[in-house]
Amino acid sequence: MQIEVTINDKLVTWDVANDEFLADTLRVHGLLSVKKACETSCCGLCTVWIEGKPMLSCSILSSRVHGKKVTTIEGVPKAAEEFAQVLSAEGAEQCGFCSPGFIMNVLAMKNELVNPSEEEIIHYLTGNLCRCTGYMGQLRAVKTYLGVK
């Protein structure tokens with residue numbers, strides 16, 4: 001099946017299998033920031049934006065994004081770099097494997113929530129798993145980035 005999709009502001013036409021997941025399609029086409037780790041849709045590593053909303057690309061068939069706008073971390077380099085610097089400054093960056101999905105969720109949260117509470121931040125990021133950190137550094141970094149006390 002053929003789909004047309006806008007990936008990082010570029011219209012593309014791709015051939016995809018009927019049962020192909022978006023995470024796999026994106027990786028095949030060189031968008032290697034999108035990763036699959038848990039195989040159960042609960043780790044957040046495959047997070048991309050579909051029509052501006054964070055979604056797990058490992059759970060969405062590629063055919064479902066036909067005619068839609070998909071953004072990966074490659075499509076938001078300036079904002080991603082800005083948050084990554086805060087993440088690093090707070091000592092929350094470890095191996096980096098989970099960072100692309102985590103960063104995409106933080107950037108989406110910045111776009112969606114105004115002055116979120118710590119509880120709202122934690123709730124928003126619940127689906128992001130990191131095996132290296134204790135999450136406190138990441139929470140500090142998010143609060144710093146969002147300007148939340």
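The numbering of the sequence shown is the UniProt record's numbering, which starts it at 1 and goes up by one. Beta carbons are placed, not taken as given, at the ideal position from N, Cα and C, and that holds for glycine. From a predicted model like this one, the values you see are computed outputs, not experimental measurements.
On the criterion of 16 or more Cβ atoms from any shown chain inside 10 Å, does residue i qualify as buried, or is it exposed?
i: M136; result: exposed
i: M104; result: buried
i: C98; result: buried
i: T13; result: exposed
i: M55; result: buried
i: T40; result: exposed
i: A84; result: buried
i: residue 150; result: This structure gives no information on residue 150, because the portion of the chain shown stretches from 1 to 149.
Tell me where the alpha helix (DSSP H) around residue i begins and ends.
i: D24; result: 22-28
i: residue 150; result: Because the chain spans 1 through 149 in this model, residue 150 falls outside it and cannot be assessed.
i: M55; result: Here M55 belongs to no alpha helix (DSSP H); instead the beta strand (DSSP E) covers 53-56.
i: L87; result: 77-89
i: K110; result: 99-112
Going by the CB atoms, is the gap between residue j and residue i shorter than 8 angstroms?
i: V65; j: I50; result: yes
i: V34; j: T71; result: no
i: L146; j: P116; result: yes
i: G44; j: L129; result: yes
i: E74; j: L31; result: yes
Measuring only from the beta carbon, is residue i closer than 7 angstroms to any heavy atom that is part of the ligand HEM?
i: N111; result: Of ligands this structure carries none, so the ligand HEM is not represented either.
Please name the residue, chosen from the options, that lies closest to residue i on a Cα-to-Cα basis.
i: T144; options: G91, N128, E112; result: G91
i: L107; options: E118, E120, E82; result: E82
i: G127; options: V148, G101, E119; result: G101
i: residue 163; options: L26, L125, V142, L11; result: The question about residue 163 has no answer here: the residues shown for the chain are numbered 1 through 149.
i: I60; options: L87, L26, Q2; result: L26
i: V16; options: A89, K110, K53, Q2; result: Q2
i: M109; options: Y124, A79, K69; result: Y124
For residue i, which residues from the same chain have a beta carbon less than 6 angstroms from its beta carbon, with the 5 sequence-adjacent residues on both sides left out?
i: G20; result: Contrary to the premise, residue 20 reads as Glu rather than Gly in this sequence. Only S62 meet the Cβ criterion.
i: K36; result: A23, C46, C58
i: V142; result: V106, I121
What are the boundary residues of the beta strand (DSSP E) that residue i is part of?
i: residue 150; result: Residue 150 lies beyond the residue range present for the chain, which begins at 1 and ends at 149; the question has no answer from this structure.
i: E93; result: Careful: E93 lies outside any beta strand (DSSP E) and carries neither H nor E.
i: I121; result: Counting along the chain, I121 falls outside any beta strand (DSSP E), though it belongs to the alpha helix (DSSP H) covering 118-124.
i: T13; result: 10-15
i: L69; result: For the record, residue 69 in the displayed sequence is Lys; it is not Leu. First-last of the beta strand (DSSP E) with K69: 69-71.
i: V65; result: Counting along the chain, V65 falls outside any beta strand (DSSP E), and DSSP gives it neither H nor E.
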